[in-house]
Amino acid sequence: MPQTFVNDENGYLGWVQAHPNGYVVNIDNPQVTPQYPMVHAASHKSMSGPARTNYTTGRYFKVCSERLEELEDWAQSKYGRALTRCRQCM
Ligand SMILES: [Zn+2]
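Plus 65 on top of the position in the sequence shown (first one is 1) and you've got our numbering.
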């Protein structure tokens, strides 16, 4: 099951560390960025670096899974659309 992290920076960063081969979906709420939800490899540096502290707060939250197809299913059922793949890491 995909795991959702909202206002949980430590939980999110812990998940990324524990699942280096997993996937992270970045979502803004409300949906104002047309290419979101966007999926990244958990290893994408800008998805977990110390430079930011708003991974799961404010406008953003994350949904994580080790299996890409689980996240695709999640996006289809929740948003009725496919995930955009990050062009840097996917
Ligand atoms: Zn990426």
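Glycine included, C-beta positions come from ideal geometry on N, C-alpha and C.
Residue i Cβ short of 7 Å to ligand 1 heavy atom set
{"i": "Ala106", "result": "yes"}
{"i": "Gln153", "result": "yes"}
{"i": "His84", "result": "no"}
{"i": "Val112", "result": "Before going further, note that residue 112 is Met rather than Val in the sequence given. Under cutoff, so the answer is yes."}
Three-state secondary structure (DSSP) of residue i
{"i": "Gln68", "result": "strand"}
{"i": "Ala83", "result": "helix"}
{"i": "Asp138", "result": "helix"}
{"i": "Met155", "result": "coil"}
{"i": "Tyr88", "result": "strand"}
Distance, residue j Cα to residue i Cα
{"i": "Arg132", "j": "Val90", "result": "11 Å"}
{"i": "Trp139", "j": "Phe126", "result": "14 Å"}
{"i": "Trp80", "j": "Cys129", "result": "8 Å"}
{"i": "Cys151", "j": "Ser113", "result": "15 Å"}
Identity of the residue in the options nearest residue i by Cα
{"i": "Thr118", "options": "Met66, Tyr77, Arg150, Ala147", "result": "Tyr77"}
{"i": "Asn86", "options": "Arg124, Ser142, Lys110, Phe70", "result": "Lys110"}
{"i": "Thr121", "options": "Asn94, Gln82, Arg152", "result": "Asn94"}
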